[in-house]
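Input: a single structure, listed below in structure tokens.
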Amino acid sequence: MAKVYEHGEEFLYMGKSHAILISTNLDQKKDYVSFVEDKLYVYVKEQKDEAVRQALKRFYYQRCKALIEARIRIYQSEFKMKPRAIRIVNDHCHWGTCNSKLELTFSWKLAMAPIEVLDYVVVHEMCHMVHMNHDRSFWRLVGKILPDYEQRSDWLARSVWKMTV
């Protein structure tokens, strides 16, 4: 679904649609987005689609990093090991990955998902620190921490088409 970058266009944030309101100011040093009272305020030097898009993307990257770091702290007590690094990337193929060095990588688009869904991806990747595959032991561990993980995963499958900037 193609997005338009004008007042009122809706973008997902934390699982809900929010209208953007665009404000332009040529004297502004940096384009940015602020989330206030259910609205995404986009502040740009010039109202150009690419400027609005990039400001939104930066907002999602920043919010995603903060959200994921907070959620990892919450679930850390379930694991003996800690991730060595946490990265937010522009990945169109994976919601998250875990490598053998215990480095966790997440898609910035997760900031668009509800917190329960974000939790599922965080727990899923943290479980890979214990089991580096998707065998029965892996899924048992995921299910022990999040018994409803299948519903959370289903939201991603059903909603991926809405998670665009």
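Residue numbering for the sequence shown follows our numbering, starting at 36 and increasing by one per position. Using N, Cα and C, we set each Cβ at its ideal position, and we do this for glycine too.
Asked                                                                                                                      : Found
7 Å Cβ shell around H159 - same chain, five flanking residues per side excluded                                            : G131 and V177
Rounded separation between K24 and S172 - CA only                                                                          : Only positions 36 to 200 of the chain appear in this structure, which leaves residue 24 out of reach.
CB contact below 9 Å: D126 versus chain D                                                                                  : Any reference to chain D falls outside this structure, which holds one protein chain only.
CA nearest to the CA of S194, picked from V152, K115 and V124                                                              : V152
Element boundaries [alpha helix (DSSP H), containing H159]                                                                 : I150 to C162
Reference D154; option with closest CA among K136, E138 and L181                                                           : L181
Chain-order list of residues whose beta-carbon lies under 8 Å from that of M198 (same chain, five-residue window excluded) : L47, K144, M147 and A148
Runs of beta strand (DSSP E) wholly within the segment 46-110 (minimum 3 residues, chain order)                            : 51-59, 67-71 and 74-79
Pick from A90, H169, D183 and M167 that is closest to Y78, judged by C-alpha positions                                     : A90
Contact under 9 Å by Cβ, V87 with I107                                                                                     : no
Contact belief for F114 with M161 at Cβ below 8 Å, rounded distance in angstroms                                           : 6 Å
Rounded C-alpha distance that separates I109 from V157                                                                     : 10 Å
C-beta contact flag for E81 and T59 at 9 Å                                                                                 : yes
First and last residue of the uninterrupted alpha helix (DSSP H) at V177                                                   : R171 to I180
Length of the line joining the Cα atoms of K51 and D126                                                                    : 22 Å
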